[in-house]
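Report on the following structure.
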Amino acid sequence: MNEPRTTAREPALDRTAAVADAVRDAHELGDFERVVELIGAALALDDLGAVTAGLAALRPPDRVDVFETFDIEEQRHLLRELADPVAADLLEELEDPFAGMIAAGLSPEVLAPILDEMETDEAADVLLDLPQGQQGAVLQAMDDTAEAEVRQLMAYPDDSAGGRMTRDFIAIRASDTVEDAIEHLRALDPDDGLVYYLYVQDAHDHLVGIISLRQLIVAAPGSRIGDLMTSDVLSVKVDDDQELAGQTMQRYDLRALPVIDLEDHLVGVITHDDLVDVLSEEATEDMYRLVGLDEQERPLDPVSTAVRKRLPWLALNLVMQLALVAALTGFRSTIDRVVALAVLFPLITAQGGNVGAQAMTIVVRLLALGEFDRAEVRQLLGKEMLVGLINGLAVGLLAGLIAIVVAGPQQAQVIGLAMVAAMTLNLTIGGLIGGGVPLLLHRIGFDPAVASSVFVTTLTDTLGVLLFLSIYLGLASWMGM
Numbered sequence: 001m002n003e004p005r006t007t008a009r010e011p012a013l014d015r016t017a018a019v020a021d022a023v024r025d026a027h028e029l030g031d032f033e034r035v036v037e038l039i040g041a042a043l044a045l046d047d048l049g050a051v052t053a054g055l056a057a058l059r060p061p062d063r064v065d066v067f068e069t070f071d072i073e074e075q076r077h078l079l080r081e082l083a084d085p086v087a088a089d090l091l092e093e094l095e096d097p098f099a100g101m102i103a104a105g106l107s108p109e110v111l112a113p114i115l116d117e118m119e120t121d122e123a124a125d126v127l128l129d130l131p132q133g134q135q136g137a138v139l140q141a142m143d144d145t146a147e148a149e150v151r152q153l154m155a156y157p158d159d160s161a162g163g164r165m166t167r168d169f170i171a172i173r174a175s176d177t178v179e180d181a182i183e184h185l186r187a188l189d190p191d192d193g194l195v196y197y198l199y200v201q202d203a204h205d206h207l208v209g210i211i212s213l214r215q216l217i218v219a220a221p222g223s224r225i226g227d228l229m230t231s232d233v234l235s236v237k238v239d240d241d242q243e244l245a246g247q248t249m250q251r252y253d254l255r256a257l258p259v260i261d262l263e264d265h266l267v268g269v270i271t272h273d274d275l276v277d278v279l280s281e282e283a284t285e286d287m288y289r290l291v292g293l294d295e296q297e298r299p300l301d302p303v304s305t306a307v308r309k310r311l312p313w314l315a316l317n318l319v320m321q322l323a324l325v326a327a328l329t330g331f332r333s334t335i336d337r338v339v340a341l342a343v344l345f346p347l348i349t350a351q352g353g354n355v356g357a358q359a360m361t362i363v364v365r366l367l368a369l370g371e372f373d374r375a376e377v378r379q380l381l382g383k384e385m386l387v388g389l390i391n392g393l394a395v396g397l398l399a400g401l402i403a404i405v406v407a408g409p410q411q412a413q414v415i416g417l418a419m420v421a422a423m424t425l426n427l428t429i430g431g432l433i434g435g436g437v438p439l440l441l442h443r444i445g446f447d448p449a450v451a452s453s454v455f456v457t458t459l460t461d462t463l464g465v466l467l468f469l470s471i472y473l474g475l476a477s478w479m480g481m
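According to the numbering used here, the sequence shown is numbered sequentially starting from 1.
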């Protein structure tokens, strides 16, 4: 596709339209590099009209993909020059740490009008990532109404329901008629995505019911809202964990979830798009913690940052593995005499660790999604042990054959039998350890995803070696070897 003509004699409007058309064509062809090239060329010429038109030709997530290809100073320049609603859309789509980093380089006079255009919860997230001094200056420059709502949201922890909610919701009275409610909606003229439900309050602003937009439209104009509403309303408290809010929305397939304070006053709403963010963040957090990573770590963080965050977990794992070293030291004379035992240790430890990790992953996921029932503990652990037993017998027989080949003819029978027995027992107990450790950590108040892998790996490795050596010595003694 040819570069759109941008000679000085062309009217600016024609040039802007040409860039927008070229961007749209490239986007339809899936040519992202061409899209970036076109908008980047317009930005290099400081042709903000063409940049705006090019971005407007894209869907919001695609705009952000293009925006993120520019360096941080170009991004800040763009936000300074674009219309506040357009800049607000871009800042909203960025992940919180990056949005805060970009916003930190903008003056309060530039940033405040942009935040005024954003959803209040998104604006609060950006402000929380700014230095304290800058936060106050930006808040003072914001619109009074937006400032009051954002300040209220900033008071709640970022990972709580209050920190996730938005103040943009529609509330009506139980004493209103359908006609009153519709007139109220017309006066508010809300955004398309805002009207999932209408929340019903009593005279003291307590949440007493909920009514859908469809119910409102089909009801008779004179009907009373209190007679039409559903009084059984699912909600969460402002200080509840965001994970609980996400689990509630997912379990009951809600498009929005009201948030109430300790006195049952409606203070905000968590919307469906927030649910996606919550579940993504919680899944990432659990995934990272299972392997000892900080959930805030990013792929392109400096090496020093990655080392600082990962090294403590590796050191802890090293300390835990000293239990295995101690166990091996106690059998040193046996290992020196029968070298084949040392060669076969990895088969035992690796399989026990795999079984433990599988059971651990299932349990951590159940706990993370809030789907775990304490009454099912015995059934769950029994099932994991049975799975370990069956798999242990199957893998143990194969490992026993390998042991017979590795060991000399004099030791083959004893080592083969020891391998089968140790593998079967280790995998059976590995299922118990993998399921039991995260449950125990959860019971005593620790995040089961944080340290489960360290404990499970150490326990299964040490147990496997002890079982193998102990069974071997018992069989050797019994057979007079």
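In this text, a Cβ means the ideal position worked out from N, Cα and C, and glycines have one as well.
Item	Value
Cβ neighbours of V377 in the same chain (closer than 7 Å, five flanking residues each side left out)	L439
Rounded separation between L78 and G105 - CA only	12 Å
Any 3 or more C-beta pairs closer than 8 Å across the segment 267-278 and the segment 229-247	yes
Test item: CB-CB of R167 and T120 under 9 Å	yes
Cβ-based burial, G445 [other Cβ within 10 Å; buried from 16]	exposed
Whole-number beta carbon distance between G209 and A174, since they are thought to touch under 8 Å	6 Å
Contact check, I39 vs G49, beta carbons under 9 Å	no
Contact belief for I471 with A422 at Cβ below 8 Å, rounded distance in angstroms	5 Å
In DSSP terms, what Q201 is bridged to	R173, L207
Short Cβ contact (9 Å threshold) for H206 with E263	yes
Nearest residue (CA-CA) to L45, options F32, D21, R15	R15
Inter-residue spacing [alpha-carbon to alpha-carbon] between Y252 and A112	37 Å
Member of L318, G431, T145 whose CA lies at the smallest distance from the CA of L381	G431
G416 - containing alpha helix (DSSP H), residue span	412-443
As assigned by DSSP and simplified to three states, the class of A104	coil
First and last residue of the uninterrupted alpha helix (DSSP H) at T120	120-128
Residue(s) in a DSSP beta bridge with H265	H206
Residue interval of the alpha helix (DSSP H) (run including V259)	Element bounds for V259: not the alpha helix (DSSP H) but the beta strand (DSSP E), 256-260.
Buried versus exposed call for D461 [16 or more other C-beta atoms within 10 Å across all chains shown]	buried
For V319 and G392, the rounded distance between their alpha carbons	28 Å
Proximal residues to A141 (C-beta, below 7 Å), its chain only, five neighbours per side dropped	P108, E109, A112
Reduced DSSP category for R167 - H, G, I as helix; E, B as strand; rest coil	coil
Coarse secondary structure for R224, derived from DSSP in three states	strand
Cut-off 6 Å between Cβ atoms - residues of its own chain near A137, not counting five sequence neighbours on either side	P108
Secondary structure of V236, DSSP reduced to three states	strand
Beta-carbon gap between G464 and T349 smaller than 9 Å	yes
Inter-stretch contact (C-beta, 8 Å, three-pair minimum) for the segment 177-188 and the segment 154-161	no
Reduced DSSP category for S231 - H, G, I as helix; E, B as strand; rest coil	coil
Start-to-end residues for the alpha helix (DSSP H) that takes in F70	First-last for F70: undefined, no H or E at that position.
Burial state of L386 (16 or more Cβ within 10 Å)	exposed
Pick from Q215, A146, L475 that is closest to L228, judged by C-alpha positions	Q215
C-alpha gap between V363 and V150, whole angstroms	38 Å
Helix, strand or coil at D96 [DSSP, three-state]	helix
Through-space distance from V66 to T145, alpha-carbon basis	32 Å
Integer-rounded CB distance, given that P131 should sit under 8 Å from E179	Going by Cβ atoms, the distance from E179 to P131 rounds to 50 Å, so no, they are not a contact pair.
Rounded C-alpha distance that separates L367 from I225	39 Å
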